[in-house]
Amino acid sequence: MSSDSHGLTRRHLVGAAGAALGLSALPLAARAQAWQPTQPITILVGFAPGGSADQIARQLSYAAKDIIPVPVVVNNRVGAAGAIAAQATADAKPDGYTVFVGGGSETTSVGHFRPLNYDSRSSFTPVIKVSRAPSILAVRADSPFADMKALIAEAKKGAEKVSYGSTGEGGIFHATGIVFEKTAGLKLLHVPYRGAADSMTALLAGQVDSAFGAYEEMKPMIDAGRVRPLALFSRARLPALPNVPTMTELGVPVALDNMKGLMAPANLPEPIKRYLHDAFHKAMQTPGWKDYVAKSGLTQDYADGAAFQAEIVSAVDLIGKAIGK
7 MSSDSHGLTR RHLVGAAGAA LGLSALPLAA RAQAWQPTQP ITILVGFAPG GSADQIARQL
67 SYAAKDIIPV PVVVNNRVGA AGAIAAQATA DAKPDGYTVF VGGGSETTSV GHFRPLNYDS
127 RSSFTPVIKV SRAPSILAVR ADSPFADMKA LIAEAKKGAE KVSYGSTGEG GIFHATGIVF
187 EKTAGLKLLH VPYRGAADSM TALLAGQVDS AFGAYEEMKP MIDAGRVRPL ALFSRARLPA
247 LPNVPTMTEL GVPVALDNMK GLMAPANLPE PIKRYLHDAF HKAMQTPGWK DYVAKSGLTQ
307 DYADGAAFQA EIVSAVDLIG KAIGK
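Going by this note's numbering, the first residue of the sequence shown is number 7, and it counts up by one from there.
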């Protein structure tokens, strides 16, 4: 081999080594971008169009249109308090093309009330948490219950003297009612409905004394003065409802948020998880998403996949303890 050949070989080796060192010095997020989607990404939603989960999915899809180079499509798989969409995700290939809006009933409470073919602890790869919605217990504007203390006092006079509506058997708001009963030492009459709209209609019609729901779903009726929130079952007060106390402030420490985020099938490769996390995290910084959050009354609450999973497990354990499982 000639000296020129030796020189060329050395230069190639030095260049290759430098490139390798440069690659290893890149942040993980940058290296993860080696994966790029080449077909549409589907966000499954387990609830009907127009609900909070559906709105979140569609707003994220729109916010990501200039970030993700393929279409992000929303597909509603309605039923079983979100469990149908969750099961479809658990059964999908872990290839980055199927995620669902999780963190609520389908991953925290439903499994305590009916058998499921998936496990919230192991069947999914949480990608990103985007929001939380405190459970609110509300009454009609003309309700005799002036505040939460009055409702609790009436409920303690006898089992099921006070009724509450929820969005369905085994849903997060039903579970919140059970945790409330256990913590406060009382028994309410649970009346399940098919969704938030039906539950609110029943409340306004006087069919139930109170109802659990999410702020963004109650907001129009609260703003119109038709519904009066008594308390928040959350960690902190809502800026939009500064005069509504948390249950912890009232001496009954119950905090069970209705979380929302994106979850993928189990065993999702790390580069794909990182890509999806980073892309949707960027989507959360866009003006369109921020405007939606401000107008909807949603509480933005970012967490990465690991922190999101820890919160889901904590909620599962809290509900299970209240139910006795």
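For glycine and all other residues, C-beta sits at the position ideal for the given N, C-alpha and C.
Separation of the CB atoms of P271 and A98 is rounded to 5 Å, and the pair is thereby assigned contact status at 8 Å. Annotation for D307: no alpha helix (DSSP H) segment contains it, though the beta strand (DSSP E) segment containing it runs T305 to D310. In this structure, DSSP gives S129 a state outside helix and strand, which the three-state scheme calls coil. K71 carries a coil assignment under DSSP once its states are collapsed to helix, strand and coil.
Taking T44 as reference, the option from L66, V78, G56 and G52 with the minimal CA-CA separation is V78. Sequence-distant partners of A92 (beyond 5 residues in either direction) whose C-beta falls short of 7 Å from its own C-beta, in its chain, are G52, F106, G108, E112, T113 and Y124.
Taken atom to atom, the span from the alpha-carbon of A230 to that of A147 is near 10 Å. For A270, the enclosing beta strand (DSSP E) covers residues D263 to P271. For the region 61-118, the full-length alpha helix (DSSP H) segments reaching 4 residues or more read 89-97 and 111-114 along the chain. Secondary structure of L236 (DSSP, three-state): strand. If you look at T207, you'll find it in the alpha helix (DSSP H) that goes A202 to L210. Judged by beta-carbon spacing, Q65 lies within the 8 Å limit of W295, meaning their Cβ atoms are closer than that value. In this structure, M290 and R138 do not form a Cβ contact; the two beta carbons are roughly 14 Å apart against a cut-off of 8 Å. Of the candidates Q306, S320 and A313, Q306 places its Cα closest to the Cα of S58. DSSP lists N264 as the beta-bridge partner residues of A139. Per DSSP, V214 is not a residue of any alpha helix (DSSP H), being assigned neither H nor E.
In the three-state reduction of the DSSP assignment, Y124 falls in the coil class. Only residues of its own chain outside the window of five on either side were considered, and among them V319 have a CB closer than 7 Å to the CB of R127, listed in chain order.
C-alpha of H118 to C-alpha of I325: approximately 8 Å in a straight line. In the three-state DSSP reduction, L244 falls in the coil class, being neither helix nor strand.
As DSSP reads the structure, Y170 sits in a beta bridge with H196 and S216. Excluding sequence positions up to five before and after A246, its CB lies within less than 6 Å of the CB of G303, all in the same chain and listed in chain order.
Contact between S169 and L194 is confirmed by a C-beta separation of about 7 Å, below the 8 Å threshold. Under DSSP, T292 shares a beta bridge with no residue. Measuring C-alpha to C-alpha distances from A312 to each of H283, L238 and D263 identifies H283 as the nearest.
Bridge pairing for T252: L238 [DSSP].
For F151, the closest C-alpha among the options R280, E276, K225 and L236 is that of L236. Ranked by how close their Cα comes to the Cα of D215, the residues E222, Y221 and T207 have T207 in first place. Spanning the alpha carbons of V84 and R200 requires a straight line of approximately 11 Å.
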